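Colleague: Protein chains in written order, with my numbering: chain A, 1 to 112; chain B, 1001 to 1118.
Glycine included, every Cβ here is placed at the ideal spot set by N, Cα and C.
Small disclaimer: the values here were computed from a predicted structure and weren't measured.
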């Protein structure tokens, strides 16, 4: 069974530029999550989708971050414009049942 | 609100020694608890989970954890450390009332980095 796919794995941009990350969840998983993991910290939930609807985006900085999940399958997370403090690993996860989140390998963003 | 506290951001053990990683939770209702492991440059992988069945939970790679309600703890242990256990470990919690369905989400601790010395 294929796992959660994310791309790109690494991205370096300058502040005020934009960046987009893509995630394809495990087939059949209705719930998709984007987490931000800053170095030395645990993952922080940015946004949660159930199928193509947003369930929780309370910690998403909506002035610069946006995410969509068209057709309830893959998802894109965008940052525009990026700030230095956005340097982090962006983890996508999907789940079918009871907290067994399956994570992708992450997209590491460096903002210079 | 739910939260977890992982005591010790870095734990160092010798190969063959006992591994003990501490996690305490705060929850107003019975929680579901999880341990995840993250190897360098990889995503998180589920080690084990407690979902209100047996309080002693066995996971992969010889790890186990015991849910102690009186101590609000869910410490992770392994009798004998192996070099391959070196990684970062995250404790996570969600509320039983949120299990399944659209409101299900995990809150993670800050992580404990485990190093294993030869």
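1) What residues from the stretch 18 to 40 of chain A come within 9 angstroms of chain B, judged by C-beta to C-beta, listed N to C?
2) What three-state label does DSSP hand residue 1105/B in the structure shown?
3) At a CB-CB cut-off below 8 angstroms, which residues of chain A make contact with residue 1042/B?
4) In angstroms, rounded to a whole number, what distance separates the CA positions of residue 1008/B and residue 40/A?
5) What's the gap between the Cα of residue 26/A and the Cα of residue 49/A?
6) Given a limit of 8 angstroms on CB to CB distance, which residues of the stretch 40 to 51 of chain A reach chain B?
7) Could you tell me if residue 80/A is buried or exposed, where buried requires 16 or more neighbouring beta carbons within 10 angstroms of its beta carbon?
8) Chain B partners of residue 85/A, CB-CB under 8 angstroms?
9) Which residue spans inside the stretch 4 to 61 of chain A form an unbroken beta strand (DSSP E) run of at least 3?
10) Check whether the stretch 1009 to 1026 of chain B touches the stretch 68 to 86 of chain A, taking contact to mean three or more Cβ pairs, one atom from each stretch, closer than 8 angstroms.
11) If we call anything under 9 angstroms between Cβ atoms a contact, is residue 42/A one with residue 1108/B?
12) Using a Cβ-Cβ distance cut-off of 9 angstroms, determine whether residue 1002/B contacts chain A.
Modeller: This is what the structure gives:
1) 30, 31, 33, 35, 37 and 40
2) Position 105 of the second chain, counted from the first residue, corresponds to residue 1105/B. Coil, per DSSP.
3) Locating residue 1042/B in the second chain gives position 42, counting from the first residue. The answer, in chain order, is 105 and 106.
4) Along the second chain, read from residue 1 onward, the residue named residue 1008/B stands at position 8. Along the first chain, read from residue 1 onward, the residue named residue 40/A stands at position 40. Near 12 angstroms, if we compare the C-alpha coordinates of residue 40/A and residue 1008/B.
5) Translated into the one-based positions of the first chain, residue 26/A becomes position 26. Translated into the one-based positions of the first chain, residue 49/A becomes position 49. Residue 26/A and residue 49/A: Cα-Cα distance of roughly 14 angstroms.
6) 40, 41, 42, 43, 44, 45, 48 and 50
7) Residue numbering aside, residue 80/A sits at position 80 when the first chain is read from its first letter. By the neighbour-count rule (16 or more Cβ atoms within 10 Å), residue 80/A is not buried but exposed.
8) By one-based count along the first chain, residue 85/A stands at place 85. Within chain B, no residue comes near residue 85/A; the closest Cβ sits about 17 angstroms away, beyond 8 angstroms.
9) 5 to 7, 10 to 13, 19 to 24, 31 to 37, 44 to 50 and 53 to 56
10) no
11) Against the first chain, residue 42/A aligns to sequence position 42. Against the second chain, residue 1108/B aligns to sequence position 108. Yes; because the gap between Cβ atoms is below 9 angstroms, this pair is in contact.
12) As a working note, residue 1002/B is residue 2 in the second chain. Taking Cβ atoms only, chain A never reaches closer than 9 angstroms to residue 1002/B, which makes this a no.
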